[in-house]
Amino acid sequence: MGSNFLSPPAKRSAPDPYPFPPNGPSKRSRQSKPPPPLSVPPGHVAFRLLCNASRIGGVIGKSGSVIKTLQQSTGAKIRIEDAPQELPDRIILVIADAALSGKILLRNEEVIEVSKAQEALLKVFDRILEVAAETEGVDVGDRVMSCRLVADAAQAGSVIGKGGKVVERIKKETGCKIRVLTDDLPLCASASDEIIEIEGRVSSVKKALVAVSQRLQDCHPVDRTKMMGSKPYEIVQYEALDALPRATSTAAPRVTLTAAPRGTLTAVQHETVDHLLLRSSALSTLSSSSNSYATRIHSLPTEVNRVSSLEPKALKQEVTFRILCSNDRVGGVIGKGGNIVRALQSETGATISIGPAVAECEDRLITIAASENPESRYSPAQKAAVLVFSRSIEVGFEKGLDSGLNKGSIVTVRLVVPSSQVGCLIGKGGVIVSEMRKATGANIRIIGTDQVPKCASDNDQVVQWK
């Protein structure tokens, strides 16, 4: 049985010797700056499909004729993302309505209900098949093919499901091989992305593509506008920061706030202060524009890579964290014109609001909220809390507020929690807080009510660890 990979599998791909059509790369690929990101309006979803660069010309068509026809027939926005000539793959960005609105007929006469976005995704995939047949003499038929989608970690995790149940079900129903790859990502993807690879007969791949895209669609934050696309390659050095060495067990354990499995509020020692400052030092030499910050926040210690399950929206609950931030740092968290806080919100999907200044109070209250599935290990609110805290440390370094910080230095994290929830952190006989102290090496304590800042309410207490 023959096998043709329309999108060469990750880890096995090799640069195409002819990455562009004979007439050379498109004019857009020669531009020094990529076009601005496309907005994903509320109720819409964005899909990213990987395509070998040698086939992109056929997807676009002469003077964009093919891609225009695809857009007109589906009502979707379809764009080929810019990338350096030497890259073997390109990302095709598809944005359209996420509501189920039509039906498609698969080769085995099976009818499946899809959204406009899924319909556009399938038509783009069909066009790639046609280009392969037209230009390379590949007899598609129902041979074994491969399709690769790019998704962020949260969406990719939803395809796996709790204990791998979701992906196993899709495999069983479609007969396809499905893998979620986190290593050796193509350079056209971002550091926080993962690759979902579907391999099987063409008819089966299409069915699996519908099932996988449905999971991605359900996981997408459809109730808020998001920006997608146009990875800024001219500042790709930001992502190189992820290559910085991580702390090892030989380093003294210092704590940063890290998103942990749900059910406990945990301080974990995945990153040391020295490592965080090393990253901040490198970041401080780079541009501080909102676009740059939106790009570089991938390099902050989020430690969130998987969603273990995805349940109906009706089961979602509002999750809120409140962090104290000193007045002399809060401006750096907000950014000029709010550019940084907007970038953090866009990256995490959480809402981040800065409380007003209060007389005779040295702190501001930052409230982070998101609608979440309580059974999921991935939490947008926790991820946002990590990024906000990391940014506050970075601001202190930039302003010289923490000029004395060096290897082995200690930082303080303060969360505001309702008094009624403090007992959950302490545990019966102090068991829970003792376990957290032992696991992290952090000094965790509940601050007395007389020391709670005025920006918090009378029914709040402060949990501090350092």
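At position 350 of the sequence shown (counting the first as 1) the number is 350 in the UniProt record's numbering, and the numbers step up by one without a gap. We put the beta carbon where it would ideally sit given N, CA and C, even for glycine.
{"Check": "Under the rule that 16 or more other beta-carbon atoms within 10 Å means buried, what is L105, buried or exposed?", "Outcome": "exposed"}
{"Check": "Taking 7 angstroms as the limit between beta carbons, can you name the residues of its chain near A98, skipping five residues before and five after?", "Outcome": "G43, H44, V45, S115, A117, Q217, H220 and V222"}
{"Check": "Which residue comes first and which comes last in the alpha helix (DSSP H) that contains G57?", "Outcome": "A53 to I60"}
{"Check": "In or out: C176 buried (at least 16 other Cβ within 10 Å) or exposed?", "Outcome": "buried"}
{"Check": "Give me the Cα-Cα distance between Q382 and S190, rounded to the nearest whole angstrom.", "Outcome": "21 angstroms"}
{"Check": "Taking the C-alpha atoms as reference points, what is the distance between T367 and T135?", "Outcome": "55 angstroms"}
{"Check": "Whose CA, out of I410, Q317, S390 and A357, lies closest to the CA of I340?", "Outcome": "S390"}
{"Check": "Over what stretch of residues does the beta strand (DSSP E) that includes residue 498 continue unbroken?", "Outcome": "The chain is shown from 1 up to 466; residue 498 falls before or after that span and cannot be answered."}
{"Check": "Suppose you measure from the CA of D152 to the CA of M436; what does that come to, to the nearest Å?", "Outcome": "30 angstroms"}
{"Check": "How about the segment 121 to 132 and the segment 48 to 55: do they share at least three Cβ pairs that are nearer than 8 angstroms?", "Outcome": "yes"}
{"Check": "Considering just the uninterrupted stretch of the beta strand (DSSP E) at T351, what are its terminal residues?", "Outcome": "T351 to I354"}
{"Check": "From the DSSP output, which residues share a beta bridge with F321?", "Outcome": "I368"}
{"Check": "Count the other CB atoms within 10 Å of the CB of C424; is the residue buried (16 or more) or exposed (fewer)?", "Outcome": "exposed"}
{"Check": "Whole-angstrom Cβ separation of V431 and Q461, contact assumed at under 8 angstroms?", "Outcome": "Not a contact, Cβ separation roughly 19 angstroms."}
{"Check": "Starting from G200 and walking both ways along the alpha helix (DSSP H), at which residues does that stretch end?", "Outcome": "That residue, G200, is in no alpha helix (DSSP H); its beta strand (DSSP E) goes D193 to R201."}
{"Check": "Let me check understanding here. Comparing Cα to Cα, which of T440, N459 and V395 lies closest to S420?", "Outcome": "N459"}
{"Check": "Hey, which unbroken runs of the alpha helix (DSSP H) at 4 residues or more fall wholly within the segment 96 to 154?", "Outcome": "116 to 136"}
{"Check": "Along the chain, where does the alpha helix (DSSP H) that runs through L181 open and close?", "Outcome": "That residue, L181, is in no alpha helix (DSSP H); its beta strand (DSSP E) goes K177 to L181."}
{"Check": "Can you find the residues in the same chain that come closer than 6 angstroms, C-beta to C-beta, to D363, ignoring five residues on each side of it along the sequence?", "Outcome": "L324, S326, P453 and C455"}
{"Check": "Alpha carbon to alpha carbon, what distance is there between D183 and I427?", "Outcome": "In the sequence as displayed, the identity of residue 427 is Gly instead of Ile. Distance between the alpha carbons of G427 and D183 is about 39 angstroms."}
{"Check": "Opposite F47 in the DSSP bridges: which residues?", "Outcome": "V94"}
{"Check": "Roughly how many angstroms separate the alpha carbons of residue 469 and S203, rounded to a whole number?", "Outcome": "The chain is shown from 1 up to 466; residue 469 falls before or after that span and cannot be answered."}
{"Check": "If you draw a straight line from the C-alpha of S213 to the C-alpha of R79, how long is it?", "Outcome": "18 angstroms"}
{"Check": "Taking the Cβ atom as the reference point for each residue, do H466 and V411 lie within a distance shorter than 9 angstroms?", "Outcome": "For clarity, residue 466 is Lys in the given sequence; the question names His instead. Yes, they are a contact pair."}
{"Check": "Helix, strand or coil, according to DSSP, for K316 in the structure here?", "Outcome": "coil"}
{"Check": "Considering only the beta carbon of each residue, do D89 and A83 sit closer than 9 angstroms?", "Outcome": "yes"}
{"Check": "What's the gap between the Cα of K103 and the Cα of A439?", "Outcome": "52 angstroms"}
{"Check": "Assuming D328 is part of the alpha helix (DSSP H), what are its boundary residues?", "Outcome": "N327 to I334"}
{"Check": "How many Å lie between T351 and K62 at the Cα?", "Outcome": "43 angstroms"}
{"Check": "Hey, would you say V416 sits closer than 9 angstroms to R445, going by beta carbons?", "Outcome": "no"}
{"Check": "For a quick check, are the C-beta atoms of P186 and I198 less than 9 angstroms apart?", "Outcome": "no"}
{"Check": "Could you tell me whether the Cβ atoms of G161 and R169 are closer together than 9 angstroms?", "Outcome": "yes"}
{"Check": "Helix, strand or coil, according to DSSP, for L38 in the structure here?", "Outcome": "strand"}
{"Check": "Here's a check: name, in chain order, each residue in its chain whose Cβ is nearer than 7 angstroms to the Cβ of Q345, leaving out the five neighbours to either side.", "Outcome": "T351 and I352"}
{"Check": "Determine, using beta carbons only, whether L387 and C188 come nearer to each other than 9 angstroms.", "Outcome": "no"}
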